[in-house]
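Letter by letter, the sequence shown follows residues 1 to 331 of UniProt numbering.
Report on the structure given below.
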Amino acid sequence: MDAEMHNMKTRKVWSLVPAPPKEVKVVGCRWVYNLKKNNEGKAVRYKARLVAQGFSQRKGENYEETFSPVINFSLIRLFFAIFVNLLQWLHWQVDVNCAYLYAKLDEMVYMRQPPGYKSKKYPDYVCKLDRALYGLKQSGRQWFTEISSVLEKLGFTKLKWANGVFLKNKVILLLYVDDIVILGKTNEEIQMTVKLLANNFDLKIIGKTRTLLGIQFIEENNKVYLSQEHYITEVYNRYKKFLPPISSLPISKGSVYSKLQCPTTDEETKEMERYPYRSVIGCLAFIASRTRPDINYAVNLFSQFQSNPGGIFTNPTLIELVQEITQYHWP
């Protein structure tokens with residue numbers, strides 16, 4: 001928490017001012033704690049972040065536009081498939097520390113002083129935010145505007161048909177909020193790009209891409225493979241008490257499913273409330289969209305039954321189908 005407050009003071013995120021008139025909205029803030037993990041899912045450090053309670057903001061008063069472009073993960077897969085696996089380009093990952101604190105605000109935003117760090121000299125004052133803070137509705141947009149401006153000054157060109165992709169000579173920069181992946185033909189080009197970024201932002205240099213957006217990037221034989229082993233294991237452990245033995249296929253061969261199989265009485269429907277059908281489907285849909293396209297058909301089929309999937313006694317078929325997908329080729 002002290003380190004976070006030090007960042008706030010260093011970046012001059014706010015200044016203490018007398019409280020505005022009562023009709024002016026003053027947003028609150030709170031501390032959010034997180035446990036950072038490494039590539040293997042092991043805890044490495046505790047992290048505290050001061051987050052503004054942006055849900056209390058008023059459009060037209062203390063925020064306007066909120067949309068923040070980010071790269072689509074399918075494009076990340078595409079660029080790695082073509083430039084890393086096929087053309088043998090190098091890849092490097094960096095994070096911008098406290099990224100939002102670099103972005104300036106266009107609107108007047110007042111915030112209450114952080115819990116535990118209220119000024120003894122001015123306890124009744126409020127924080128007038130000069131820079132974006134995590135939790136504000138416009139923070140993501142302001143940060144994207146800031147880093148886009150910096151990249152343009154460094155000679156990068158924004159790709160028009162895709163969000164979060166910037167090009168410069170034989171360097172491709174992929175941007176997802178504060179996560180940056182640099183693809184380059186040579187190590188010298190990548191290191192020069194990292195140096196230029198470090199002149200403008202406080203960077204955490206990770207090295208070769210290992211984990212991005214919860215996906216593991218595994219390099220073997222000059223190829224990069226994507227894996228969600230840790231996430232899949234986590235989901236499996238969460239739902240394993242509902243699961244039968246492992247299945248060899250996501251859908252049994254020759255199976256036909258219809259909504260006519262769904263329960264028709266309140267008693268049958270209520271029985272299904274004991275089973276997290278929708279939660280499992282949501283987890284499987286995320287896995288299918290990232291690293292397991294082979295289960296896409298099965299997930300799409302079973303998602304049609306989310307509103308009334310059937311009870312375990314009256315209609316065990318549908319719940320077993322979800323269980324079969326969940327167990328299919330799991331570690």
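All C-beta atoms, glycine included, are put in the ideal place defined by N, C-alpha and C.
Check                                                                                                                                                                                                    : Outcome
Starting from residue 261, follow the alpha helix (DSSP H) in both directions and report where the run begins and ends.                                                                                  : From DSSP, residue 261 is part of no alpha helix (DSSP H); its letter is neither H nor E.
Any chance the segment 75-93 sits against the segment 124-132, with 3 or more Cβ pairs inside 8 angstroms?                                                                                               : no
Counting only the same chain and skipping the five closest in sequence on each side, list residues whose C-beta sits under 7 angstroms from that of residue 178.                                         : 95, 96 and 99
Taking 8 angstroms as the limit between beta carbons, can you name the residues of its chain near residue 408, skipping five residues before and five after?                                             : Since the displayed the chain opens at 1 and closes at 331, residue 408 lies outside it and no answer follows.
How should residue 281 be labelled, buried or exposed, when 16 other C-beta atoms within 10 angstroms of its C-beta is the threshold for buried?                                                         : buried
Residue 76 and residue 174 - do their beta-carbons sit closer together than 7 angstroms?                                                                                                                 : yes
Should the segment 104-112 be called in touch with the segment 210-226, which here means at least 3 C-beta pairs below 8 angstroms?                                                                      : no
Check this for me: beta carbons of residue 92 and residue 215, under 7 angstroms apart or not?                                                                                                           : no
Can you tell which of 62, 90 and 157 has the C-alpha that lies nearest to the C-alpha of residue 208?                                                                                                    : 90
Keeping to the same chain, check which residues put their C-beta closer than 6 angstroms to that of residue 19; ignore five residues upstream and five downstream.                                       : 126
Taking its Cβ as the centre, do 16 or more other Cβ atoms sit within 10 Å of residue 144, making it buried, or is it exposed?                                                                            : buried
Using DSSP's beta-bridge definition, name the partner residues of residue 220.                                                                                                                           : 223
What are the complete beta strand (DSSP E) segments, minimum 3 residues, inside the segment 82-112?                                                                                                      : 90-96 and 104-111
Quick check on the DSSP output: the alpha helix (DSSP H) that includes residue 75 runs from which residue to which?                                                                                      : 73-79
Taking only the alpha-carbon atoms, compute the straight-line gap between residue 3 and residue 73 and give it to the nearest angstrom.                                                                  : 32 angstroms
Which residue's Cα is closest to the Cα of residue 259: 11, 307 and 124?                                                                                                                                 : 307
Hey, could you find the ends of the alpha helix (DSSP H) residue 197 is sitting in?                                                                                                                      : 187-198
Check the DSSP bridge columns for residue 211 and list the partner residues they point to.                                                                                                               : 216
Identify, in the order they occur along the chain, each residue of the same chain with its Cβ nearer than 8 angstroms to the Cβ of residue 159, setting aside the five sequence neighbours on each side. : 165, 166 and 167
For residue 283, collect the residues of the same chain with a Cβ closer than 7 angstroms to its Cβ; drop the 5 residues on either side in sequence, then sort them by chain order.                      : 235
Can you grab the Cα-Cα spacing for the pair residue 142 / residue 229, in whole Å?                                                                                                                       : 34 angstroms
Excluding the five sequence neighbours on either side, which residues of its own chain have a C-beta within less than 7 angstroms of the C-beta of residue 155, listed in chain order?                   : 168
Does DSSP put residue 173 in a helix, in a strand, or in coil?                                                                                                                                           : strand
Using CA coordinates, which residue listed in 176, 210, 170 and 211 is at the minimum distance from residue 191?                                                                                         : 170
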